[in-house]
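**Q** Note that this note's numbering has the sequence shown beginning at 143, numbered continuously upward.
Don't be surprised by glycine CBs; every beta carbon is placed ideally from N, CA and C.
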Amino acid sequence: MSIAIRTLATTLLMGSAAAYAAGHAHVHGVAKLDIAVEANSLTVLLESPLDNLLGFERAPRTDAERRQADAAITKLRSAAAMFGIDPAAQCKPAHVELSSSALKLGHPDPKEQQEGHADIDGSFEFKCADASKAAYIDVGLFDFARLQRLEVQVATPHGQFRRDLKRPARRIVLTK
Ligand SMILES: [Zn+2]
143 MSIAIRTLAT TLLMGSAAAY AAGHAHVHGV AKLDIAVEAN SLTVLLESPL
193 DNLLGFERAP RTDAERRQAD AAITKLRSAA AMFGIDPAAQ CKPAHVELSS
243 SALKLGHPDP KEQQEGHADI DGSFEFKCAD ASKAAYIDVG LFDFARLQRL
293 EVQVATPHGQ FRRDLKRPAR RIVLTK
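(1) Near Arg148, what residues of its chain come up, given a Cβ to Cβ distance below 6 Å and the 5 sequence neighbours on each side ignored?
(2) May I have the straight-line CA-CA distance separating Ala231 from Phe284, to the nearest angstrom?
(3) Based on Cα-Cα distance, which residue from Gln290, Glu267, Ala181 and Leu196 lies nearest to Ser220?
(4) Could you say which of Ser183, Gly282 and Ala173 lies nearest to Ala236 if we only look at CA atoms?
(5) Can you say whether Ala244 is buried or exposed, counting buried as having 16 or more other CB atoms within 10 angstroms of its CB?
(6) Can you find the residues in the same chain that come closer than 7 Å, C-beta to C-beta, to Ala222, ignoring five residues on each side of it along the sequence?
(7) Starting from Ala297, trace the beta strand (DSSP E) both ways and give me its first and last residue.
(8) On the criterion of 16 or more Cβ atoms from any shown chain inside 10 Å, does Glu189 qualify as buried, or is it exposed?
(9) Is it buried or exposed, Pro229, if we count other Cβ atoms within 10 angstroms and call 16 or more buried?
(10) Please decide whether Lys269 counts as near chain B, where near means a Cβ-Cβ distance under 7 Å.
(11) Within the continuous alpha helix (DSSP H) that includes Lys174, where are the two ends?
(12) Going by the CB atoms, is the gap between Lys308 and Arg288 shorter than 7 Å?
(13) Please determine, among Ile314, Asp306, Ser274 and Ile215, the residue with the shortest C-alpha to C-alpha distance to Val179.
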């Protein structure tokens, strides 16, 4: 590759990384949660830059990085620890699905394969006796030290609202 072409390619890569950061609201330190409360289920969708969990955004390259990635995945999969739902609703974890192209997990959105950045998405389903009785969720996600803030959108049969959370707070109130 000639120097001129390489410079052009570098410029294009940097441009697309910037566009990606703006367009997808991929901001390190911030993750998005969408919480849906239905009669007998409660579902949490997580969208996070991989950096929040690992401090890097690519496939692990060393044994230490692989161990770090495995530990993060195991932690996320323990849905009841990540999302402590008000016991009044009697919810039990039913299904967890994680996807990340960098970690070769699940079925990642091809749009996420962007230069220099990578995400991890999670879907956490709980079956509940009566999800509407859940007055709060205590999140364990701030165990990931790089995560500073959660942008939380809640949808219940009674309406939708925002509930942003900043460390060290961990309780998302689900009542209006
Ligand atoms: Zn990033």
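**A** Reading it off the structure:
(1) Because Arg148 carries a pLDDT of 48, less than 50, the predicted location of this residue cannot be relied on, and the following value inherits that uncertainty. Cβ neighbours of Arg148 beyond the five flanking positions: none.
(2) Their Cα atoms are separated by approximately 23 Å.
(3) Closest in alpha carbon position to Ser220, among Gln290, Glu267, Ala181 and Leu196, is Glu267.
(4) Minimum Cα-Cα distance from Ala236 among the listed residues Ser183, Gly282 and Ala173 corresponds to Ser183.
(5) Label assigned to Ala244: buried.
(6) Around Ala222: Pro235.
(7) Unbroken beta strand (DSSP E) run through Ala297: Arg291 to Thr298.
(8) That one is buried.
(9) Exposed, by the Cβ-count rule.
(10) No chain B is part of this structure, which consists of one protein chain only.
(11) Bounds of any alpha helix (DSSP H) do not take in Lys174; it lies within the beta strand (DSSP E) bounded by Val172 to Val179.
(12) It is not a contact, given that the beta carbons lie outside the stated cut-off.
(13) Between Val179 and the set Ile314, Asp306, Ser274 and Ile215, the nearest pair of CA atoms involves Ser274.
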